[in-house]
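In this text, residue positions in the sequence shown follow our numbering: the first is 486, and each later residue adds one.
Backbone N, C-alpha and C define an ideal beta-carbon position, used for all residues, glycine too.
First up is the structure itself, then whatever we jot down about it.
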Amino acid sequence: MHQLTITEQIKKLKDKTFSSVELTQHYLARIKKYDSELNSFISVTEDAALEQAQSADQALAAGDETPLLGIPIAHKDIFCTDGTPTTCGSKMLENFVPPYDATVVENYRRAGAVMLGKTNMDEFAMGSSNETSFFGPVRNPWAKDCVPGGSSGGSAAAVAALLTPAATATDTGGSIRQPAALCGVTGIKPTYGRVSRWGMIAFASSLDQGGIIARTAEDAALMLNTMASVDPKDSTNIPKDVPDYSASLNNRVNGMRIGVPKEYFSDGLHPGTASAVQEAIGTYEKLGAKISEISLPNTSLAVPAYYVIAPAECSANLSRFDGVRYGHRCENPKNLEDLYKRSRGEGFGEEVKRRILVGTYALSAGYYDAYYHKAQQVRRLIKNDFDAAFEGVDIVLGPTAPSPAFAFGAKGADPVAMYLEDIFTIAANLAGLPGMSIPCGLVDDKPVGLQLIGKHFDEARILNAAHCFQRETDFHSLTPKDIN
Ligand code: GLN
Numbered sequence: 486m487h488q489l490t491i492t493e494q495i496k497k498l499k500d501k502t503f504s505s506v507e508l509t510q511h512y513l514a515r516i517k518k519y520d521s522e523l524n525s526f527i528s529v530t531e532d533a534a535l536e537q538a539q540s541a542d543q544a545l546a547a548g549d550e551t552p553l554l555g556i557p558i559a560h561k562d563i564f565c566t567d568g569t570p571t572t573c574g575s576k577m578l579e580n581f582v583p584p585y586d587a588t589v590v591e592n593y594r595r596a597g598a599v600m601l602g603k604t605n606m607d608e609f610a611m612g613s614s615n616e617t618s619f620f621g622p623v624r625n626p627w628a629k630d631c632v633p634g635g636s637s638g639g640s641a642a643a644v645a646a647l648l649t650p651a652a653t654a655t656d657t658g659g660s661i662r663q664p665a666a667l668c669g670v671t672g673i674k675p676t677y678g679r680v681s682r683w684g685m686i687a688f689a690s691s692l693d694q695g696g697i698i699a700r701t702a703e704d705a706a707l708m709l710n711t712m713a714s715v716d717p718k719d720s721t722n723i724p725k726d727v728p729d730y731s732a733s734l735n736n737r738v739n740g741m742r743i744g745v746p747k748e749y750f751s752d753g754l755h756p757g758t759a760s761a762v763q764e765a766i767g768t769y770e771k772l773g774a775k776i777s778e779i780s781l782p783n784t785s786l787a788v789p790a791y792y793v794i795a796p797a798e799c800s801a802n803l804s805r806f807d808g809v810r811y812g813h814r815c816e817n818p819k820n821l822e823d824l825y826k827r828s829r830g831e832g833f834g835e836e837v838k839r840r841i842l843v844g845t846y847a848l849s850a851g852y853y854d855a856y857y858h859k860a861q862q863v864r865r866l867i868k869n870d871f872d873a874a875f876e877g878v879d880i881v882l883g884p885t886a887p888s889p890a891f892a893f894g895a896k897g898a899d900p901v902a903m904y905l906e907d908i909f910t911i912a913a914n915l916a917g918l919p920g921m922s923i924p925c926g927l928v929d930d931k932p933v934g935l936q937l938i939g940k941h942f943d944e945a946r947i948l949n950a951a952h953c954f955q956r957e958t959d960f961h962s963l964t965p966k967d968i969n
């Protein structure tokens, strides 16, 4: 059952090959078998899942046509779930039980999906390795001594180990695409504003965007049909009709203009990654796409600009965790200041504190112009680079991450080395563009990701390009060797 794609599972549920309860039990059993080692879930909601599956089966029997009826999925633990703990990977929210569902969660509930549980993540989505989670690191199913990437490492590892057919995720600077690359699965970060952020715990509000990790572009399209919505509760959500992303998957890529930025093949790129990506470009050429080299001249400024803007926004967003309203509260505070200091000091981990300090500094009077304002100007230059490139090409193609999965601890001592993991992904967030990662090879038995970046609201085109690649290749159907 777990080898089937969502599209296939939907058919089997309809023709009664198996029921949603059976499918759900099957995944719950896999989680039990593999997840004590992988740690990709923070909570597994077994009872609720079986109840939801039961009602799905009743609805199926009644001929209900809801799009994801009876399909098990998992949510990144950054999405608020009514009555189920939502920790954001932090001690600060260890005991937080939201009284409402995020719009994304509600959309899936209404579409008939069954929630298996909540996936592990870097604390407050800050990280590229899942090592900053208060609930412990996630192991990469392909190489258990290596990281799965982050911050949506739990979602990526769970999908790679076939513990769930798909999972929700979020991407502020690469957190869907980079773990998808490192775990050999398919991930899509939609255009900023396409997916509602309501009920999605904020890290950097102008960059955060919810998206999907699945095994194939076809499944990702199906999942996005439900996830994307027009939501008046999120003021940055763009009221634009959601197209049927599954409808255009089989369009031909013959004649599609693909730009390959020369800056993405810099010194830091692992030679194995570079050759897998070059081969993938060759596949597109064979399919009739027109490949051309392009330049995104401000690429090297993306990481520095991001590491001013993201911490600045996080320092403001995380000020709400003060020990008063909700979240961790220290024992026996002496006075209000002691309450703030100790609650925050105890509740946040090291990386989160580093970001708050950097962000507060960058926003402080006297430094604002030198850092925050400057970073916003650089952000505009990066968007202009893409605007210019998209005059001549339909999509941009390149590597997702500079190298395959690395060992635990390898980059922990050097925050800058860790920050460079997102060197190819961050620009799409700064420009608000949709981006995807799909598996395109193995290096030392570890997956490599190919990144596709599209124009604003052109998700259908990158999904189409990804699907055509997956019809030609079988990297997306490879599974880690000791996972059956
Ligand atoms: N790795 C980046 C960071 O640590 C991006 C994280 C994300 O996309 N949530 O900020």
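Backbone secondary structure at residue i - three-state DSSP
i	result
CYS668	helix
PHE750	helix
THR571	coil
ALA652	strand
GLY973	Any answer about residue 973 is impossible in this case: the structure gives the chain only from 486 up to 969.
GLU831	helix
ILE766	helix
ILE867	helix
ALA628	strand
PRO584	coil
ARG742	strand
GLY844	helix
LYS940	coil
VAL878	coil
VAL623	coil
MET600	strand
PRO756	helix
Residue i CB to nearest heavy atom of the ligand GLN below 6 Å
i	result
ASP907	yes
GLY612	yes
GLY753	no
SER962	no
ASP899	no
GLY659	yes
SER636	yes
ASP656	yes
Beta-carbon spacing of residue i, residue j below 7 Å
i	j	result
ALA559	THR604	yes
GLY638	PRO664	yes
ALA666	ALA886	yes
PRO889	VAL837	no
LYS674	GLN694	yes
ASN524	GLY621	yes
LEU821	ILE880	no
ILE911	ALA774	no
ASP696	ALA643	First, the amino acid is wrong: residue 696 is Gly here, not Asp. Going by C-beta atoms, GLY696 is not nearer than 7 Å to ALA643.
THR572	ILE516	no
THR509	ASP716	no
PHE609	SER575	yes
GLY832	MET577	yes
THR721	THR701	no
LEU866	ASN783	yes
ALA916	LYS868	yes
GLU778	VAL809	no
GLU531	LEU513	yes
ILE461	GLY678	Limits of the chain in this structure are 486 at one end and 969 at the other, which puts residue 461 out of reach.
Rounded distance between the beta-carbons of residue j and residue i, thought under 8 Å
i	j	result
GLY844	CYS799	6 Å
ALA596	PRO552	5 Å
CYS925	ALA765	4 Å
SER681	LYS718	7 Å
ALA689	THR657	5 Å
PRO570	PRO965	Not a contact, Cβ separation roughly 29 Å.
PRO919	THR676	5 Å
VAL793	TYR853	That belief does not hold up - the Cβ atoms of VAL793 and TYR853 are roughly 10 Å apart, past 8 Å.
SER660	GLU906	Between GLU906 and SER660 the Cβ distance is about 10 Å, and since that is not below 8 Å, they are no contact.
VAL738	LEU772	5 Å
PHE944	LEU709	Rather than Phe, the amino acid found at residue 944 in this sequence is Glu. The pair is a contact, with the Cβ atoms about 7 Å apart (cut-off 8 Å).
LEU848	ALA790	With a Cβ gap of about 15 Å, LEU848 and ALA790 do not count as contacting.
ILE968	LEU647	7 Å
Every unbroken alpha helix (DSSP H) inside the segment 491 to 571 [4 residues or more]: Counting whole runs of 4 or more residues, the segment 491 to 571 contains the alpha helix (DSSP H) stretches 491 to 499, 505 to 523, 531 to 546.
Complete alpha helix (DSSP H) runs within the segment 890 to 933 (minimum length 4 residues, chain order): Listed in chain order, they are 900 to 904, 911 to 916.
Complete runs of the beta strand (DSSP E) confined to the segment 681 to 734 [at least 3 residues]: Listed in chain order, they are 694 to 699.
Complete alpha helix (DSSP H) runs within the segment 769 to 837 (minimum length 4 residues, chain order): As far as the segment 769 to 837 is concerned, its whole alpha helix (DSSP H) runs of at least 4 residues are 787 to 802, 821 to 832.
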